[in-house]
Amino acid sequence: MPYNLSCPSARYRAYFPLRNLAKSGQITVDFIQPSARWQKRFRFLWIYSQLLFWPKKNSRIFIQKVCSTRYYGYLLRFLVFCRPNISFFDLDDAENYRQPSQNMHFFLRKAKACSLGSQALKEYAQAFNSNCRIHTSAVPRQQEQTGPKHQPLRLIWLGDFGDGRKKSKLFSHKTNVYSLLFPALKKLQFPVELHLLGIKKKSDIPEIQAYFAPSPHIQLVIPQHLNWVEDDWVYPYLAKMDLGLAPLVDHPFNQAKSAFKAKQYLSVGLPVLASDIGENSRFVQHGRNGFLFRTEADLLQQLNFFQAIDTQQLKGFQLAAKATAEQFSMANYEQQLLQLLFEED
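FYI, in my numbering the residues of the sequence shown are 56 to 400.
Now the structure itself:
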C-alpha cells in the first residue's frame with residue numbers, strides 16, 4: 056500500500072521490489088493507493104473488505120510511509136487495528152518533522168514488524184515497537200557505466216526541491232543546495248556544467264538562473280517535464296556525468312535519511328561528493344568512491360581535486376563506486392522483505 060508512486064520510497068521500497076517478487080512467482084500482489092477515480096476507489100474497497108473480513112491464507116498488509124489523516128489513513132488504521140498480526144509498516148524518512156504523526160505512530164505501534172531505512176529511524180521506531188529492522192533502501196542493478204572525464208566537468212544534483220512548505224524549510228533540498236552547494240560552486244575558478252534534476256516548480260527556475268547570473272563559469276541544465284513514476288531514464292542520464300552531489304544540512308530529518316541519492320549515483324559508477332550526515336558515510340567511502348564533506352571549504356577542495364585529476368585517475372573512483380552497488384542491491388532487499396513478511400513467529 057504505497058501512498059504515492061511519485062515518491063521514490065514508494066517506488067523503491069514497495070512497488071518495484073514487490074512487483075519483481077510477483078513477476079518471479081514468489082508472491083501475488085495487489086497495490087492500492089488513494090485516488091479520486093471511482094473505479095480505483097471501488098477496487099480499494101474490494102481489496103480492503105477482503106483483508107478485513109476474509110483474508111486469504113498467508114495474506115500480508117504492507118503499508119509504506121502512510122501518514123495521511125484523511126479517509127485513507129483512518130481506513131488503514133482500522134484495518135491494522137483488526138489485523139495486527141499480518142500488518143507491516145515501512146518508513147524511510149523522519150516524517151514526524153513534516154507530517155501529522157498520529158497515524159504513523161499508530162502503525163509503528165500496532166504493526167507486527169517495522170522496516171526502517173536508517174539507524175536513526177530504527178532508534179526512533181523502537182520507542183513504539185520492539186520488532187524493528189533496518190532495510191537500507193535499494194537501487195536495481197544498473198548496466199550503465201560512467202565514461203571518460205568531460206570538459207567542462209559535469210556535475211549533477213538529483214532530488215526534489217520541494218513545494219515550499221514552511222514546515223520542511225529547515226531541511227528541504229532547496230535549503231540544502233542554497234546553504235551548502237550553490238555558494239561553493241560560485242567560488243570555483245573553472246567552468247562546470249551543472250545539471251539539476253528535480254526542479255518541479257517553474258518559479259524555482261528563474262530564481263536559480265538569477266542566483267548564478269553573476270557566475271558565467273556555471274552552465275545550468277535544468278530538464279523539465281520528467282517522468283518520476285517510471286524513472287529508468289534517470290540512470291543513463293547519471294552515467295553521462297562526472298560527479299554526483301548530495302549536500303545535506305545537519306538536521307534530524309537529514310540524519311535519518313537513507314543515502315538514497317548517493318546510492319543512485321554510485322549504482323552507475325558515478326563518484327559522489329556528499330555531506331557527512333546520516334547514512335551517507337555508510338556508502339560513500341572517503342577517498343575511494345568519492346568524498347564526504349562538512350564545510351564549504353571541504354567541498355571546494357574536493358571539486359578542485361576532481362577538476363585536476365585525469366580520466367585514468369577518475370576511472371579508479373568510478374570502478375570503486377560501481378563496486379559499492381552490491382551493498383544496496385534490490386535482490387538483497389527483496390529477500391529481506393520476504394523474510395520480514397513471512398518468517399515464522
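By construction, the Cβ of each residue, glycine as well, lies at the ideal position given by its N, Cα and C atoms.
Beta-carbon separation (whole angstroms), residue i vs residue j, contact threshold 8 Å
i    : j    : result
L163 : F143 : That pair is no contact at about 11 Å.
S90  : L395 : Going by Cβ atoms, the distance from S90 to L395 rounds to 27 Å, so no, they are not a contact pair.
V327 : N344 : 7 Å
F315 : P63  : 6 Å
Contact under 8 Å by Cβ, residue i with residue j
i    : j    : result
I82  : I116 : no
Y388 : P139 : no
V276 : L249 : yes
L412 : Y103 : In the structure as shown, the chain starts at 56 and stops at 400, and residue 412 therefore has no counterpart that could be examined.
F338 : A311 : no
L354 : G333 : no
Y70  : E199 : no
D147 : G172 : yes
K241 : S223 : no
V135 : A166 : yes
A149 : F308 : yes
N335 : A378 : no
Y320 : G299 : yes
F348 : Q362 : no
M385 : V232 : no
H272 : F237 : no
E351 : A239 : yes
Which residues DSSP lists as bridging residue i, in chain order
i    : result
G345 : V327, H341
V194 : S384
I116 : S142
C169 : F144, C187
I212 : Residue identity check: residue 212 is Trp in the sequence provided, not Ile. According to DSSP, W212 bridges with L251, L300.
Q274 : E248
Per-residue burial, residue i [other beta carbons within 10 Å of its own, 16 or more giving buried]
i    : result
N359 : exposed
Y126 : exposed
H228 : buried
H306 : buried
K204 : buried
C187 : buried
V329 : Correcting the residue identity first, residue 329 is Ala in this sequence and not Val. Buried, since its Cβ has 16 or more Cβ neighbours within 10 Å.
I211 : buried
G217 : buried
G214 : buried
S192 : buried
L100 : exposed
A180 : buried
D365 : exposed
C-alpha distance - residue i paired with residue j, whole-angstrom precision
i    : j    : result
V247 : K111 : 57 Å
S114 : Y67  : 21 Å
P57  : L208 : Interpretation of P57 is limited by its pLDDT of 49, a score under 50 that renders its predicted location unreliable; the figure taken from the coordinates is listed afterwards. Looking at the two C-alpha atoms, the distance is approximately 38 Å.
G371 : L107 : 54 Å
A449 : Q197 : Missing from the structure shown is residue 449; the chain here goes from 56 to 400 and no further.
R98  : Q157 : 26 Å
S234 : Q119 : 31 Å
K221 : K295 : 35 Å
Q206 : S313 : 32 Å
G393 : W283 : The question names Gly, but residue 393 in the sequence shown is Leu. Rounded to the nearest angstrom, the two C-alpha atoms are 26 Å apart.
I87  : F383 : 26 Å
H280 : L369 : 32 Å
H190 : Q391 : 7 Å
K256 : F226 : 18 Å
L325 : Q373 : 6 Å
T288 : L252 : Correcting the residue identity first, residue 288 is Trp in this sequence and not Thr. Going from the Cα of W288 to the Cα of L252 covers about 12 Å.
F133 : I254 : 37 Å
A65  : R96  : 19 Å
W93  : Q274 : 46 Å
A375 : D331 : 19 Å
C137 : L176 : 26 Å
I263 : M159 : 35 Å
S123 : D85  : 20 Å
L297 : I260 : Correcting the residue identity first, residue 297 is Asp in this sequence and not Leu. Taking the straight line from one Cα to the other gives about 23 Å.
A168 : Q367 : 47 Å
Q340 : E178 : 24 Å
R74  : F161 : 27 Å
G80  : S185 : 31 Å
A268 : S258 : 16 Å
L76  : T230 : 37 Å
Q174 : D145 : 14 Å
Residue i beta carbon near the ligand GDP (any heavy atom closer than 7 Å)
i    : result
K177 : For the structure depicted, the ligand GDP is absent and the ligand set is empty, with no information on it obtainable.
Interface flag, residue i vs chain D, CB-CB below 8 Å
i    : result
F338 : The structure shown has no chain D; it contains just one protein chain.
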